[in-house]
Each structure stands twice: as structure tokens, then as C-alpha cells.
Amino acid sequence: MICRFIAFNSSKVSRILSPFPSLLSTKSSFSVAKLDDELLSTTNITSDHKDCLYQEVLSGMKKTGFREYLHGHLFRGLVSGLKQTHVEEIMSELMDESPDLSVWFFKELRDIYGFRHSRFSTLLVSHILAGQRRFKELQAIMEQLLQEEGKSTPFVFSSFSVESSGSAYLICEVLSKSFRNWDSTNVVWDMLLFLSSRLKMVDDSLYILGKMKDLSLNVSTQAYNSILYNFRDTDKMWDVYNRIDGKNEHTYSTVVDGLCRQQKLEDAVFFLRASEWKDIGPSVVSFNSIMSTYCKLGFVDMAKSFFCTVLKCGLVPSVYTHNILINGLCLAGAIEEASGLVGCMNKHGVEPDTVTYNILAKGYHLLGKISLASEVIKQMLDKGLSPDVITYTISLCGQCQLGNIDEGLRLLNDMLSEGIELKSVIPCSVMLTGLCKTGRIEEALSLFRDMKANGLSPDLVAYSIVIHGLCRLGEFEIAVWLYDEMCSKRILPNSRTVGAMLLGLCQKGMLLEARAHLDSLISAGYRLDIILYNIVIDGYAKSGCIEEALELFRVVIKSGITPNVATFNSLIYGYCKTLNIAEARKILDAIKLYGLVPSVVSYTTLMNAYANRGDTESVDELRLEMKAKGITPTNFTYSVIIKGLCIGKKLTKYKQVLRDMISKGITPDQVTDNTIIQSLCRVKDFSRAFEMFEVMKSPTPATYNILIDGLCFHGCIEKADSFLNSLQERDVSLSKFAYTTLIKAHCVKGDPETAAKLFLQLLDRGFDVCIRDYSAVINRLCRRKLTNEAKFFFRLMLSRGVSPDLDICRVMIRSSDVFAWTIKSGLLLISSNQRNGLLSHLIC
DNA sequence: ATAGGGTTAG
Numbered sequence: 001m002i003c004r005f006i007a008f009n010s011s012k013v014s015r016i017l018s019p020f021p022s023l024l025s026t027k028s029s030f031s032v033a034k035l036d037d038e039l040l041s042t043t044n045i046t047s048d049h050k051d052c053l054y055q056e057v058l059s060g061m062k063k064t065g066f067r068e069y070l071h072g073h074l075f076r077g078l079v080s081g082l083k084q085t086h087v088e089e090i091m092s093e094l095m096d097e098s099p100d101l102s103v104w105f106f107k108e109l110r111d112i113y114g115f116r117h118s119r120f121s122t123l124l125v126s127h128i129l130a131g132q133r134r135f136k137e138l139q140a141i142m143e144q145l146l147q148e149e150g151k152s153t154p155f156v157f158s159s160f161s162v163e164s165s166g167s168a169y170l171i172c173e174v175l176s177k178s179f180r181n182w183d184s185t186n187v188v189w190d191m192l193l194f195l196s197s198r199l200k201m202v203d204d205s206l207y208i209l210g211k212m213k214d215l216s217l218n219v220s221t222q223a224y225n226s227i228l229y230n231f232r233d234t235d236k237m238w239d240v241y242n243r244i245d246g247k248n249e250h251t252y253s254t255v256v257d258g259l260c261r262q263q264k265l266e267d268a269v270f271f272l273r274a275s276e277w278k279d280i281g282p283s284v285v286s287f288n289s290i291m292s293t294y295c296k297l298g299f300v301d302m303a304k305s306f307f308c309t310v311l312k313c314g315l316v317p318s319v320y321t322h323n324i325l326i327n328g329l330c331l332a333g334a335i336e337e338a339s340g341l342v343g344c345m346n347k348h349g350v351e352p353d354t355v356t357y358n359i360l361a362k363g364y365h366l367l368g369k370i371s372l373a374s375e376v377i378k379q380m381l382d383k384g385l386s387p388d389v390i391t392y393t394i395s396l397c398g399q400c401q402l403g404n405i406d407e408g409l410r411l412l413n414d415m416l417s418e419g420i421e422l423k424s425v426i427p428c429s430v431m432l433t434g435l436c437k438t439g440r441i442e443e444a445l446s447l448f449r450d451m452k453a454n455g456l457s458p459d460l461v462a463y464s465i466v467i468h469g470l471c472r473l474g475e476f477e478i479a480v481w482l483y484d485e486m487c488s489k490r491i492l493p494n495s496r497t498v499g500a501m502l503l504g505l506c507q508k509g510m511l512l513e514a515r516a517h518l519d520s521l522i523s524a525g526y527r528l529d530i531i532l533y534n535i536v537i538d539g540y541a542k543s544g545c546i547e548e549a550l551e552l553f554r555v556v557i558k559s560g561i562t563p564n565v566a567t568f569n570s571l572i573y574g575y576c577k578t579l580n581i582a583e584a585r586k587i588l589d590a591i592k593l594y595g596l597v598p599s600v601v602s603y604t605t606l607m608n609a610y611a612n613r614g615d616t617e618s619v620d621e622l623r624l625e626m627k628a629k630g631i632t633p634t635n636f637t638y639s640v641i642i643k644g645l646c647i648g649k650k651l652t653k654y655k656q657v658l659r660d661m662i663s664k665g666i667t668p669d670q671v672t673d674n675t676i677i678q679s680l681c682r683v684k685d686f687s688r689a690f691e692m693f694e695v696m697k698s699p700t701p702a703t704y705n706i707l708i709d710g711l712c713f714h715g716c717i718e719k720a721d722s723f724l725n726s727l728q729e730r731d732v733s734l735s736k737f738a739y740t741t742l743i744k745a746h747c748v749k750g751d752p753e754t755a756a757k758l759f760l761q762l763l764d765r766g767f768d769v770c771i772r773d774y775s776a777v778i779n780r781l782c783r784r785k786l787t788n789e790a791k792f793f794f795r796l797m798l799s800r801g802v803s804p805d806l807d808i809c810r811v812m813i814r815s816s817d818v819f820a821w822t823i824k825s826g827l828l829l830i831s832s833n834q835r836n837g838l839l840s841h842l843i844c
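Numbering (the UniProt record's numbering), first residue to last: 1 to 844.
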């Protein structure tokens, strides 16, 4: 499209166009297309030239029809270099003619050309819109202004930028300098105040409020309410409240909500009654806040009675009111009642919504009834309601808890592909938990990276989940790295993150370091919670350092921190580990002295110690005590009981135990099955053991090991061989242990050839073969005087880059003539210390 | 303005 514009014989233009005689020759008028193509694409033209040209062109446009030029070829070329000052100038001039045209020009530049307007232009348009009472549009452009101002304010820490008071300052300057006498100025100031407060720019809003007071401008109730809202959980709430002249329903319900958040529930109820005297009366919203607080504190009955009060006051309970109560009932475990209330919502004139169903689904989830949770979600979809992020998150959580991690990953993908914006890190955190708990740490880390790449910055919880997962798997280095990264992002670790780190240290056996870290936190003045102490106490107990565990326990008591069951359970474990069951038993009684109730873990730990001794009577005694106290045994408990039967030579009773489990609704898991199979193997009942194995739905590598070990133990090596073969043919996943067990057996039996064959398979399949695996074989071969064969393995070891240790050399030396050979082929590899040790051994 | 989703020791 070609536009023509009337020529203006300005000297400026002639000067600019002097390098282009062909253009100047047209003199009175010229083609815009020509100008566009020839002039602007020429590199000769300087920015000064362009600047003059814009001014001329724009003033030319002002004189003729604007709209035409704006869409013209020329303008599109020019707009990339258009300055904010030019636009301000044009808009000011346009105002005299038509404010509407000015607004149109503003929007057109912004929406079609993506032009970023100045503070002045934006505020100019704001005033026009305010004057015309176009509040929606006013709100939209001012909100954008505030947000962009916040982003470009330079002097802030990234995480606090929203709250810095730099953004409002410049806007206020322009407002008070250029727009003081406009009719709509109060409206614009008030809108600015309201929006800054609603965007949680608290400092900015206070600055604006101060300025407005200086200028004697009116502050609307809406703006004040928003400020009040931001201060509702602090003492300053009343200061704001007292400044509000025209208090309304929102003001009162915000105060009630604030008091609830400040844990001043009685004050809230009192205030609600007091506001009843005022002409408007209480609102449902206030009741909702109070009910919600009672529910969170665990007093559903109070919430219920307030629900009745709402009805008595002649108010109508809203969907919120219902949802709050339904949620309270679910948290209290009263799922039936909750479900009933959902059913009668329509009688109260409201319909359940997505939130209602989400609450109900979560309620079932909390009770472990995950299939019913999915059922609720299905109902919701049938009703034509659409799932939201939270619905997906609840399903995701359920799938992960069922162990269906891949299904979880699929759900997360579905969510993204259906265009549901995640908005928060929570769905990813749920997925991270699932991955970490199943040891899929690599995938967790890659999801963590993806989150960052997609602009979802992990928060404290997300970091804690991954750090904890890493520590549990002993990946301490990456954990420390992430911990530092988190701190550098100004995300302060909390007790849970610290706990993860302590756990990592303990699991690596670095108890001294863990204790030092704990002590340093104590002396830095942190009040540590019991969980942190428990982690270290448990670390001591697991390593059999019962004295240290007790010492730290005494520190806990001395500090006035209340221990919990887990603390005592660790002590029980520590005593059991050091074979002091009498003391362990005393700890069980001590739990009661502290007013605590022993848990399944307390009993199971102690039962395990008795079971290892074959003391089935004591196991039974504890089992009855549990039953009397209404403590439900777990799968773990039953496995311990079965193990006890086996060691106590009373295995015949195992079917009885299985029946008992099933009657209690506990499905035997793989560990139970493995325990039974192992027990049957010990008593050489292979037919039953294999029978059990055949019916197992999903045997684990441990199952195979147990069977192979059992067969070898009773000398049935051929059977073990063919079993391993059959497993290899079925291509099931075998662990190293399956091979090494069989290899050892062949060494003992004196069949080094088969041992060697299997050993080579082990290496072939890429297992991590360590010195202990070699020494196990060499030891046994030497004992059987199979020196040549031992030499074979010794050479194999050296060829694989594994250095012999002192013990292995001793063994080789002891078996007669191999001394010289050992020295020749490998001893040089050992350290001088080891060599000295060897020499002293030889002298003896 | 009021409701719903994620982390911890045995």
C-alpha cells in the first residue's frame, strides 16, 4: 500500500535528504514507499537524521489523517526507532483534539507494534480512562506499569524486587509533577495505591499512601482494605484499621481473618459479635475464616456448630463454607460424613465444584484408599467439571504412593500437553518425591534441571526433597553441591534440609562429622528439634555405639527437649545391636514413663532381637502386648515373626501366621515371601520353598539369592547350578551375590573349573568385582590346597588392576610353595607397610 | 476477602 503525504518544504527535510537527490527532486510530494525503501535501508543515514525525520513525518501525520498513516508502509519502518518522547509529544497534542484518539494511538502502538510506552504516556492515558470511568482498562494498564517498573528497578535483590520501594517513587514523581490539576488525578492515585498493595508491593503501597496524605487526596475503602489485607497477620493490622473511614463488610471480614491467622481465635469470634451491632452485620466470609481455623486446629465440631450459626443468622452458606467443613471432616477422618455433606449441597442451593471433589479425593488418599480417590475424580469428570492442577497433583501423588512412578511421569506430561500451566513447583515436587523414594535419583535430577529450564525455580521444599534423596543413597557430594546452590539463591535451609545432610553423614559412617555439625548448630544458638537429634542418635545406634547414643540422649533431656518414640526406638535398636536385649526391653518400658506410646517400630525392633535368638515365646509375648494395645503389626513385623519361628525351629506354624496377616488385611509383600522361602531353605524343605517361589508374583534378586544360597548350604550344588542356568535363560535380573554364592560353593566342593567359568561370567556381565570377591575364592582354594587354581585367580585379579591386600598375601604365603611366586607376580604392588607386616609374619 | 495439592528420623 502506498500512502502519500503532503510535502512540507521544510529545510530540515531537505538537509536530511541531501544525499538522495532523486528523492529531493520530487520536491513538493514524494512517494512514501520510495522513502521507505531507499532512505531507511541506506546505511548512510545517521541516527540524528532519522530522529529529525521522525519528527517531521509525525507532525505531518498529525496534520493529516492519523489512522491512515499509522497503518502505512512508512510507519511500520519508522516505529522500530520511534522514541518515547516523540509519542508523548504527539499524545499531548492529540489530547486537545480528541482524548479517544490519544487512547487509540497508545493502544495501537502497544498492541500492534509492541511499543513500550513511557511512564508519562501511560499515566496520561490512565487519566483519560479514569475520567471516562473505564476502570477495567485503567486497572490493566496501571498494573502493567507497576509490574514493568518493578522489573526494571535496578537496586534490588532478585527475590525481594516486588517489595522494594523503588518502583513507586518514579511514578509518583511524574504524577505529582505533570497531572496535579487533572480532575481524575485522585482516581489514578487511588488505583495506583490499590494495585501496588494487591501486587504485594507493600513498601511501595506505604510510600504512595504517604504521598497521597501529603497531597490531601482521598483513599478509597477498597485500597485501604487491600493494605489491611497485607498486614492482617501482624500487629500493625489495627493501625491500618483505625485509619479507615468508610469501613465495609470486607474490612470486617479481613480483620476476622487476620485475627484467625494470628491464632487469636477468641478475639476473632468476639470481633465478629461486635461487628454484628454495626448496621451491616457479619458476613459469611467471616464465619468461613473462623470455621477454617477451627478445622485446622482439629476442632471440627466447633466448625459444625458455626455452620449452624450461619443458618440461624439467616445467612446462606456458600460453596466455600461447605468446602471448609468438608475438608475439616476429611482431615478428622470422618470421610463418610464429608461425603454425605457433599451429597446434600444442592439442598442448600449450592453445587459441589472442582475444589469440593479435590478435597474429597484427598480425604480418601489420606486414608490410604487411593482407588476410591480416583473414583471421586472420575465422578467429578462425569459431572462435567474439569480437573485443575490440584486434581492432577492429587492423582500424581496417589500413583506415586502406589509405586506407579511411570504412570506419575505420564500424568505430569499429560498436564503439560493439555496446556495446564503448572504455576507452582508442587506437582514437580510430588514427582521428585516419588522418584527419590524409589531410588530413581538420576531422573529426579533431570526433572530438577528441567524445572529450572522452564522457569519454575525450585523452592526450599523441592531442594529438600532432592537433597534428602541424594543423601539417602549416599550421593553426598551432589547433595552438598545442591545445598550450597540453594544457600547462594538465598533460600535458607530449614530443619529438614539440615536433617537430610546429617542423615547423609551418618549413612556414610561419618558420625564424628555429623556430631560436630550438630554441636556447631547448638553452639550457634539454634534451638534444634528432636528430629535432628534423632538422626544422630540413630546413626550412633546403627553403628553399635550405644554409649554415644545414650550420651546424646542425655544432652536432649538436659536441653529440655522432649524426646519422641523414634528417639527411644533408636536406643532399643542400639541395645539390640549390641545384643543387650534386657536393656532394650527396659527402654520399651521407659517409653511409657515419658508418657509416650510405643509404636510398631518399638515392638518390631525388639521382636527382631528375640527372633534372632529363636526366642519365639518372647516374640509371642510382645505380639500379644501389641494386640492388647491396639497396635497393628506391619509386613515387617510379620517377617520378623516368621524368621523367629524358623530360628526357633517352629516353622510349621508359618501358614498360621500368613492366615493371621491376611485376616488383618495385610497383604504379604516380597520381604515376607523371601523370609518364608529363606526359612524353608534353612530347614531344607526345598519343595515348599520352590512351591512358594513359583507362586510369587514378582520375585526379587534377593529371592534368587536366597534359593541359591539355600541349595549350596545344603550341598545341592548341581541343583543350584541348573537353577542359575534357568534364571539366565529367563533373563531375569540377577545380583552379584547369586554368582559369588555359587562360585564359593564350587571352590569349597573342589570344582575350580566351574568356579572360574562363573567368575568370568561375572566379569563379562560388567559387575563391579572387588578384592573381597577375589579373596573369598583364593581363600577357599588355598584351604583346599588348590594352589595352581589360586594362582589363576591371583593373576586374574592383578590383570584386572586390583591390588592384593595383606590378608590375601598371607593366605597365599601360608599355602606352602607359592611364596616366591607371590613375591614375583604381585607383592611388589603392595605398600611398604604391608610388606613389613608380611615380613614380620614370616619371621614368626 | 474465605476453601483444596509437595519435604523429615525408626
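Just so you know, even glycine gets a beta-carbon here, dropped at the ideal spot from N, CA and C.
Going straight from the alpha carbon of residue i to that of residue j, what length do you get?
| i | j | result |
| --- | --- | --- |
| residue 493 | residue 539 | 21 angstroms |
| residue 451 | residue 422 | 10 angstroms |
| residue 170 | residue 208 | 11 angstroms |
| residue 215 | residue 298 | 49 angstroms |
| residue 273 | residue 327 | 25 angstroms |
| residue 367 | residue 187 | 53 angstroms |
| residue 853 | residue 680 | Only positions 1 to 844 of the chain appear in the structure, and residue 853 is not among them; the question remains open. |
| residue 240 | residue 603 | 56 angstroms |
| residue 485 | residue 447 | 17 angstroms |
| residue 497 | residue 270 | 40 angstroms |
| residue 143 | residue 345 | 38 angstroms |
| residue 693 | residue 559 | 52 angstroms |
| residue 678 | residue 689 | 8 angstroms |
| residue 443 | residue 178 | 57 angstroms |
| residue 373 | residue 355 | 14 angstroms |
| residue 102 | residue 125 | 7 angstroms |
Would you say residue i and residue j are within 7 angstroms of each other, going by their C-beta atoms?
| i | j | result |
| --- | --- | --- |
| residue 286 | residue 316 | no |
| residue 648 | residue 605 | no |
| residue 811 | residue 782 | yes |
| residue 546 | residue 574 | yes |
| residue 431 | residue 408 | yes |
| residue 413 | residue 391 | no |
| residue 394 | residue 437 | no |
| residue 591 | residue 570 | no |
| residue 488 | residue 465 | no |
| residue 631 | residue 609 | no |
| residue 846 | residue 578 | The question about residue 846 has no answer, for the chain in this structure spans 1 to 844. |
| residue 445 | residue 425 | no |
| residue 775 | residue 808 | yes |
| residue 121 | residue 95 | no |
| residue 197 | residue 127 | no |
| residue 746 | residue 755 | yes |
| residue 502 | residue 530 | no |
| residue 420 | residue 389 | yes |
| residue 226 | residue 194 | yes |
| residue 642 | residue 676 | yes |
| residue 202 | residue 242 | no |
Does at least one heavy atom of the ligand GTP sit under 6 angstroms from the Cβ of residue i?
| i | result |
| --- | --- |
| residue 659 | For the structure depicted, the ligand GTP is absent and the ligand set is empty, with no information on it obtainable. |
| request: Could you tell me whether the segment 694-702 touches the segment 713-723, using the rule of 3 or more Cβ pairs below 8 angstroms? | output: no
| Start-end ranges of the alpha helix (DSSP H) lying completely within the segment 337-390, minimum 4 residues | 354-366, 370-382
| task | Note down, one range per segment and in chain order, each alpha helix (DSSP H) of at least 4 residues found wholly within the segment 160-222. | result | 166-178, 185-198, 202-214
| request: Go through the segment 96-152 residue by residue and report every complete run of the alpha helix (DSSP H) that reaches 4 residues or more, in order. | output: 99-113, 119-131, 135-152
| message | Threshold first: 4 residues or longer. Then list the alpha helix (DSSP H) segments lying entirely within the segment 604-690, N to C. | response | 616-629, 635-647, 654-663, 670-682
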